[in-house]
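In my numbering, the protein residues as written are 2 to 298. Virtual Cβ for every residue (Gly too), placed ideally from N, Cα, C.
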Ligand SMILES: [Fe+2]
């Protein structure tokens, strides 16, 4: 694999915040994240309590589940194995990350207040390198986030990540070209979805809701990028390491990313409808509609 860094892929913006709450200095940076930049906070650590360090061990994750997660709005813990007291403490750690992430997001993006919805919170104690999977599920390949069973219908995926590795190991990412350039790379080869297919997949329970043409195009972009070894090896890209103690924030449905290595991370997903962006025209939905000259709803 090429490890060349393309100087044109300069999308990481660094901020010196050290606190999650309202006293932190950075606020009102919606335009930066909506432009497809990665907001990096190298000094913003998610601090584990003494009794929580024991959770930095893959044995707490169910062998079948990749991640331990807390699902909202109910707040139930999923994918973890252990005794009741341990699981309650593990859940409390993940819930604290959810609350701190939400406070951070609302300070960074006050325009989203009242509209940002809390999605799942996940804890990933397993090593990225150990996760051998099919090419489609291989997140060491550059991709935008799009999920076969969970159509977003244009809703944005905003994610907050923190590296909590205790041994100094960075979370190693690659990031790639801007969304519009990426869409143009494959859009000409993407056909329309099969008539009736979306209805059938929803009725059969394959998708949680109707897969719109937006979801069809996003899944095609996800799959075509991962299947394109030439693009993976020599497409525009840059390496980014997030050291332990770092937090970063990104629209993962817009920023090409690949997780090359690392262990012990927390991640909070937020959902936001396109009309509540400060600049809705920057969204993947509006970008694809502009390029295709039609509605993808
Ligand atoms: Fe991803």
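Which of helix, strand or coil DSSP assigns to residue 252: Here residue 252 sits in strand by DSSP.
Per-residue burial, residue 64 [other beta carbons within 10 Å of its own, 16 or more giving buried]: It is exposed - the Cβ of residue 64 has fewer than 16 other Cβ atoms within 10 Å.
Residue 253 beta carbon near ligand 1 (any heavy atom closer than 7 Å): The answer is yes for residue 253.
Validate contact between the segment 223-242 and the segment 93-113 using beta carbons, cut 8 Å, 3 pairs: Touching, no.
Three or more C-beta pairs below 8 Å linking the segment 180-187 and the segment 114-121: These segments do not touch.
Validate contact between the segment 106-115 and the segment 86-95 using beta carbons, cut 8 Å, 3 pairs: Short answer: they don't touch.
Pairwise C-alpha distance: residue 83 and residue 98: Cα to Cα, residue 98 sits roughly 20 Å from residue 83.
Contacts around residue 115, its chain only, beta-carbon distance under 8 Å, and the 5 residues preceding and following it disregarded: Excluding residues within five positions, none has a Cβ falling inside 8 Å.
Nearest candidate by alpha-carbon position, reference residue 233, set 250, 149 and 143: The residue from 250, 149 and 143 with its alpha-carbon nearest to that of residue 233 is 143.
DSSP three-state assignment for residue 2, whether helix, strand or coil: Reliability of the predicted coordinates at residue 2 is poor, the pLDDT of 35 falling under 50, and no value is obtained from them.
Beta-carbon proximity list for residue 136, same chain, < 8 Å, skipping 5 on both sides: For residue 136, the CB contacts under 8 Å within the same chain, skipping 5 residues up- and downstream, are 142, 227 and 228 in chain order.
Test item: CB-CB of residue 221 and residue 37 under 8 Å: If you check the CB distance, residue 221 and residue 37 do not come in under 8 Å.
Element boundaries [beta strand (DSSP E), containing residue 119]: First-last of the beta strand (DSSP E) with residue 119: 118-125.
Bridge-paired residues (DSSP) for residue 262: The beta-bridge partner set that DSSP reports for residue 262 consists of 173.
Cα-Cα separation, residue 149 to residue 208: Straight-line Cα distance between these residues: approximately 7 Å.
Residue 141, DSSP secondary structure in three states: Here residue 141 sits in coil by DSSP.
Cβ-Cβ separation, residue 268 to residue 161 (assumed contact under 8 Å), whole Å: So it is a contact: roughly 7 Å between Cβ atoms.
Beta-carbon proximity of residue 45 to residue 167, cut-off 8 Å: No, Cβ-Cβ distance for residue 45 and residue 167 is not below 8 Å.
Neighbour-count burial assignment, residue 200, 16 or more Cβ in a 10 Å radius: Exposed is the call here.
Residue from 61, 125, 271 and 296 with nearest C-alpha to residue 262: The shortest C-alpha separation from residue 262 is found at 125.
For residue 16, the three-state DSSP class (helix, strand or coil): Residue 16 sits in coil when the DSSP states are folded into three classes, being neither helix nor strand.
Buried or exposed by the 16-neighbour rule on C-beta atoms within 10 Å, applied to residue 3: Unreliable positioning characterises residue 3 in this predicted model, as indicated by a pLDDT of 39, which lies under 50. The coordinate reading is nonetheless provided below. So residue 3 counts as exposed.
Straight-line Cα distance separating residue 273 from residue 35: Answer to the nearest angstrom: the Cα atoms are 12 Å apart.
Rounded separation between residue 78 and residue 62 - CA only: Using only the alpha carbons, I get a separation of about 11 Å.
Bridge partners - residue 240, DSSP secondary structure assignment: Answer is 175.
Status (buried if at least 16 other CB within 10 Å, exposed otherwise) for residue 253: Residue 253 counts as buried, since no fewer than 16 other beta carbons sit within 10 angstroms of its beta carbon.
Distance, residue 9 Cα to residue 128 Cα: One C-alpha to the other measures close to 30 Å.
Contiguous beta strand (DSSP E) assignments of at least 3 residues, all confined to the segment 25-56: Assignment of beta strand (DSSP E) within the segment 25-56, counting only whole runs of 3 or more residues, yields 39-42 in chain order.
Beta bridge counterpart(s) of residue 269 as assigned by DSSP: Partner(s): 122 and 161.
Residue 277 CB to nearest heavy atom of ligand 1 below 7 Å: A distance criterion of 7 Å places the beta-carbon of residue 277 beyond contact range of ligand 1, judged by its closest non-hydrogen atom.
Whole-angstrom distance between residue 295 and residue 131, CA atom to CA atom: When rounded, the separation of the alpha-carbon atoms in residue 131 and residue 295 is 42 Å.
Proximity below 8 Å, CB of residue 175 to CB of residue 259: In this structure, residue 175 lies near residue 259, with their beta-carbon atoms less than 8 Å apart.
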